[in-house]
Amino acid sequence: MYKKMMAFLLAAFLMVSSAGCAAQTSETAETAGEKVELIVFAAASMTETIDQIAEMYQEVAPNVTLQCNYDSSGTLKTQIQEGADCDIFISAGQLQMDQLDQEASPEVNTEGLDFVDGSTRCNLVQNICVLTVPEGNPKGIESFDDVATDKVEMIALGNSDVPVGQYAEQIFTTLGVWEEIQPKITFATNVKEVTTQVEQAAVDCGVVYGTDAYSAGLEAVCTAPEGSHDDVVYPAAVMKTSKHPEEAAAFLEYLKTEDCTKVFESVGFAIPE
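Just add 816 to the spot in the sequence shown (first one is 1) and you have the working numbering.
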């Protein structure tokens, strides 16, 4: 009787253990394929490239969906600071990233904000600033120097909190005409708005990134004089507030691959050395 009871208990134990292992295996498999939504905040000038890369990433990580929010880096920085959900931030300038980075100079990060996972921060791509004009270049504009002449009645620039606007101010300050051209300036909230104003010939010219001029099919009459502005480098990082830090870090690493490099370079981005 005792032996029969022990055999019954052993059999029951094995059945429970087997079921437990099966459940654990099933749970592990389910977790491995768990659907994840990553929220990417990226500078407006990256719209076309990140959209394309997001489609490519579906093949690499089919369980990951990318939700992309494009705007000026200043606006995105403010949204992150105010608590917006964000897994990855790609800025068009170091300033906006530094303002969120605890490791940055306190002279820049004046509020001591601590959103950036410094172990993931990298310089992703590099761009150039160009002077672009409406189709046919009706005013015959050839250089940044022309902006201070009668050839230009109206020029579109980014606001002071927009990296492309900050670079433009540096350029015209270097040329010594920043104050002089103030009456001619119409300001935009991001680089895409500048591009639209030029496309619609609402202005005589505008300062945008080389990649935006390319994507919009606009004529870039010249690049900014060498040394007239800070390097246009795009830092990227996972945010410490990310709900999916591992998946976010994996996507950020994917952005550095050869496949993504080809996409970036196809529109005029360069990869920083």
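Each residue gets a CB set at the ideal place from its N, CA and C atoms; glycine is no exception.
Is the beta carbon of residue i sitting closer than 8 Å to the one on residue j?
{"i": "Leu1034", "j": "Val1014", "result": "yes"}
{"i": "Phe857", "j": "Leu892", "result": "yes"}
{"i": "Gly890", "j": "Gln912", "result": "yes"}
{"i": "Asn975", "j": "Ala1004", "result": "yes"}
{"i": "Asn939", "j": "Val1079", "result": "no"}
{"i": "Ala1053", "j": "Asp914", "result": "no"}
{"i": "Thr1077", "j": "Ile1087", "result": "yes"}
{"i": "Ala1065", "j": "Pro979", "result": "no"}
{"i": "Val968", "j": "Asp962", "result": "yes"}
Just the Cα atoms here: how many angstroms apart are residue i and residue j?
{"i": "Gly956", "j": "Asn943", "result": "25 Å"}
{"i": "Cys945", "j": "Asn1006", "result": "14 Å"}
{"i": "Met970", "j": "Ala984", "result": "14 Å"}
{"i": "Glu919", "j": "Thr926", "result": "12 Å"}
{"i": "Asp887", "j": "Arg937", "result": "20 Å"}
{"i": "Ile1029", "j": "Glu1089", "result": "According to the sequence shown, residue 1029 is Ala rather than Ile. Looking at the two C-alpha atoms, the distance is approximately 24 Å."}
{"i": "Thr965", "j": "Val941", "result": "34 Å"}
{"i": "Ala1040", "j": "Gly981", "result": "13 Å"}
{"i": "Ser1031", "j": "Ser861", "result": "9 Å"}
{"i": "Glu850", "j": "Tyr873", "result": "16 Å"}
{"i": "Glu843", "j": "Leu1068", "result": "With a pLDDT of 34 at Glu843, under the threshold of 50, the predicted position of this residue should be treated as unreliable, and no value is reported."}
{"i": "Thr863", "j": "Phe1085", "result": "13 Å"}
{"i": "Gln1016", "j": "Gly952", "result": "12 Å"}
{"i": "Phe960", "j": "Lys1008", "result": "20 Å"}
{"i": "Glu996", "j": "Thr989", "result": "10 Å"}
{"i": "Glu1081", "j": "Glu898", "result": "33 Å"}
{"i": "Trp994", "j": "Pro878", "result": "49 Å"}
{"i": "Ser935", "j": "Asp917", "result": "11 Å"}
{"i": "Thr894", "j": "Pro950", "result": "32 Å"}
Could you tell me how far apart the beta carbons of residue i and residue j are, in whole angstroms, since I believe they sit closer than 8 Å?
{"i": "Gly1022", "j": "Ala972", "result": "4 Å"}
{"i": "Ile896", "j": "Met1055", "result": "7 Å"}
{"i": "Val1010", "j": "Val1024", "result": "5 Å"}
{"i": "Val876", "j": "Tyr1070", "result": "6 Å"}
{"i": "His1045", "j": "Ile1001", "result": "Not a contact, Cβ separation roughly 16 Å."}
{"i": "Thr948", "j": "Val1083", "result": "Wrong, their Cβ atoms sit about 14 Å apart, outside the cutoff."}
{"i": "Pro999", "j": "Gln910", "result": "About 31 Å separates the two Cβ atoms, so there is no contact after all."}
Just list the residues that DSSP pairs residue i with in beta bridges.
{"i": "Gly886", "result": "Checking the sequence, you will find Tyr at residue 886 rather than Gly. Looking at the DSSP assignment, Tyr886 forms a beta bridge with Ala858."}
{"i": "Met1055", "result": "Val932"}
{"i": "Asp896", "result": "It should be pointed out that residue 896 corresponds to Ile in this sequence rather than to Asp. Its beta-bridge partners do not exist; DSSP assigns none."}
{"i": "Asn943", "result": "Val1048"}
{"i": "Cys1038", "result": "Leu947"}
{"i": "Ile1001", "result": "Ile971"}
{"i": "Gly1022", "result": "Thr948, Ala972"}
{"i": "Thr881", "result": "Glu853"}
{"i": "Ala870", "result": "According to DSSP, Ala870 bridges with nothing at all."}
{"i": "Val905", "result": "It is worth fixing the name first, because residue 905 is Phe in this sequence and not Val. Phe857, Ala1053."}
- Query: Quick check: the stretch 850-870 against the stretch 881-898, are there 3 or more CB pairs under 8 Å?
  - Reply: The way I'd put it, the stretch 850-870 does touch the stretch 881-898; three or more beta-carbon pairs between them come closer than 8 Å.
- Message: Quick test of the definition: if touching needs 3 or more C-beta pairs under 8 Å, does the stretch 896-908 touch the stretch 1055-1069?
- Response: yes
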